[in-house]
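Below: one structure, written as C-alpha cells.
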Amino acid sequence: MRTELVSQPGTPDRPNEDFASVGLPASGQGGSVVVLDGVTPPATGTGCLHSVPWYTARLGGALSEMTVSLPDVPLVEVLARAIARTAATHGETCDLSHPRTPQATVVLARWSPAAVEYLVLSDSALLVESPDGAVTALLDDRLARLPRSALATDALVDATVRNKEGGFFTAAADPSVARRAVTGTLPREEVRSLTALTDGAARWVETFREGDWADCLALVRKEGAQALVDRVRELERADRERREFLGRAKAHDDATVVHAELAAR
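This is the structure we're talking about:
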C-alpha cells in the first residue's frame with residue numbers, strides 16, 4: 001500500500017491544531033488512519049489549562065494506538081475509550097464541563113483483509129474510492145445543515161447547538177459523544193483508496209467550489225496532497241477580503257490531507 005500525509009497550519013505564527021497519523025500493524029494485515037481538527041477556542045477561554053494542540057496530540061495519540069492494538073473493538077468504542085483516557089489526564093486541573101473545553105472533529109478509518117470501517121464526527125470528510133473509480137464522500141453534515149442564524153455568535157453556538165441534541169457534536173470530554181458519529185463498514189474489495197480531509201483542505205470543494213469530491217481526489221492522486229493544500233492557499237489569498245465567500249470564518253485554516261492507496265487483493 002501507499003500513503004501520503006500533509007498537514008499545514010493556517011498561518012506560520014500559530015500552532016497547527018490538526019492531528020494526523022497512519023497506523024500499519026506489524027502483522028502487515030490492514031491499517032488505520034486518524035485525522036483530528038482541533039476547534040479553535042474563543043478569546044474568552046475554555047476552562048482548561050491546556051491548549052487545543054495539547055488535546056489533539058493526546059486524543060490522536062490514543063486513537064492511533066487503539067485503532068491498531070484493539071482490532072476487534074468497534075471504532076465507536078475506540079473513540080469513547082480514547083476520549084475517556086484523555087479526559088482523565090486533565091480532569092483534576094480543568095473544567096471539562098465548559099462548552100469550549102478543548103475538542104476536535106474526528107475521522108477514523110481502519111481496514112483488514114475483510115473490511116473497511118469508518119467513523120466521522122463533525123465537519124471533516126472521508127473520501128472512499130471504489131475499484132471502478134467512483135468516489136463517495138462520507139460526511140457528518142449536521143453543522144452544515146444548521147441555519148446561519150444559529151451560528152451568529154460563539155455564545156449562541158455554545159448555549160444552543162454545540163454538543164447538543166438538534167445541533168452538532170465534537171469529541172471533547174464526554175465519551176458518549178462517540179455514539180453520535182457517522183459510522184459504517186464496507187467490504188474490503190469495494191475500497192481502492194481512502195482520503196481524509198480536515199475542513200481547511202476540504203475548502204477546495206465546500207467553500208471555493210473548484211470541483212466535486214471526485215475532482216478533489218483526482219487532484220490528490222495526480223499532483224499529491226500538498227498540491228491540494230497549495231491550491232486552497234492560493235484561493236484564500238485571492239479572496240483575502242472574503243467578499244465572495246462570506247461564510248469563511250478564518251482567512252486561512254489548518255489543512256490536513258491523508259491519502260491511503262489500499263493494496264489490491
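Mapping of the sequence shown onto our numbering: position 188 corresponds to residue 188, and the numbering continues sequentially without gaps. Heads up, the beta-carbon is just placed ideally off N, CA and C, and yes, glycines get one too.
Between the CA atoms of residue j and residue i - distance to the nearest angstrom
i             : j                 : result
histidine 252 : arginine 188      : 36 Å
glutamate 17  : aspartate 212     : 26 Å
tyrosine 118  : threonine 67      : 11 Å
threonine 195 : valine 52         : 24 Å
tryptophan 54 : aspartate 154     : 22 Å
alanine 264   : alanine 171       : 33 Å
glycine 28    : glycine 38        : 30 Å
valine 128    : leucine 186       : 10 Å
valine 34     : valine 6          : 13 Å
valine 205    : valine 257        : 13 Å
aspartate 95  : aspartate 72      : 33 Å
histidine 98  : glycine 47        : 6 Å
proline 113   : leucine 59        : 27 Å
leucine 246   : proline 41        : In this prediction, leucine 246 scores a pLDDT of 49, lower than 50, which makes its location untrustworthy; the coordinate-derived value is nonetheless stated afterwards. Approximately 21 Å, taken between the alpha carbons.
alanine 57    : arginine 85       : 13 Å
glutamate 165 : alanine 20        : 28 Å
alanine 225   : phenylalanine 208 : 17 Å
glutamate 234 : glutamate 4       : 21 Å
alanine 152   : glycine 167       : 14 Å
aspartate 158 : proline 25        : 39 Å
alanine 115   : alanine 109       : 10 Å
Residues that residue i bridges to, as DSSP identifies them
i             : result
aspartate 18  : Asp37
valine 128    : Thr136 and Leu194
threonine 105 : Asp37
alanine 171   : Ala104
arginine 162  : Phe168
leucine 119   : Leu108 and Thr183
glycine 31    : Trp111
Residue burial classification, residue i (beta-carbon count within 10 angstroms, cutoff 16)
i             : result
valine 232    : buried
threonine 11  : exposed
serine 64     : buried
threonine 105 : buried
lysine 250    : exposed
alanine 134   : exposed
threonine 44  : exposed
glutamate 236 : buried
valine 229    : buried
aspartate 174 : buried
glutamine 103 : buried
glycine 31    : buried
alanine 62    : buried
alanine 88    : exposed
Limits of the unbroken beta strand (DSSP E) element including residue i
i           : result
valine 258  : 255-261
valine 6    : 2-8
alanine 114 : First-last for alanine 114: undefined, no H or E at that position.
leucine 24  : Note, leucine 24: premise wrong, no beta strand (DSSP E); not H, not E.
Range of the contiguous alpha helix (DSSP H) that encloses residue i
i             : result
glutamine 226 : 225-238
threonine 183 : Careful: threonine 183 lies outside any alpha helix (DSSP H), inside the beta strand (DSSP E) at 182-187.
histidine 90  : 75-90
arginine 203  : 199-206
glycine 47    : First-last for glycine 47: undefined, no H or E at that position.
leucine 151   : Where leucine 151 is concerned, there is no enclosing alpha helix (DSSP H), given that its DSSP letter is neither H nor E.
leucine 70    : Leucine 70 -> no alpha helix (DSSP H), and no H or E assigned at all.
alanine 178   : Neither: alanine 178 is in no alpha helix (DSSP H) and is coded neither H nor E.
Whole-number beta carbon distance between residue j and residue i, since they are thought to touch under 8 Å
i            : j                 : result
leucine 121  : phenylalanine 169 : 6 Å
leucine 146  : valine 161        : 6 Å
alanine 255  : alanine 181       : Not confirmed; about 22 Å, so no contact.
threonine 93 : leucine 49        : 5 Å
alanine 260  : serine 193        : 6 Å
serine 124   : aspartate 199     : 6 Å
alanine 178  : alanine 80        : 4 Å
valine 191   : serine 130        : 7 Å
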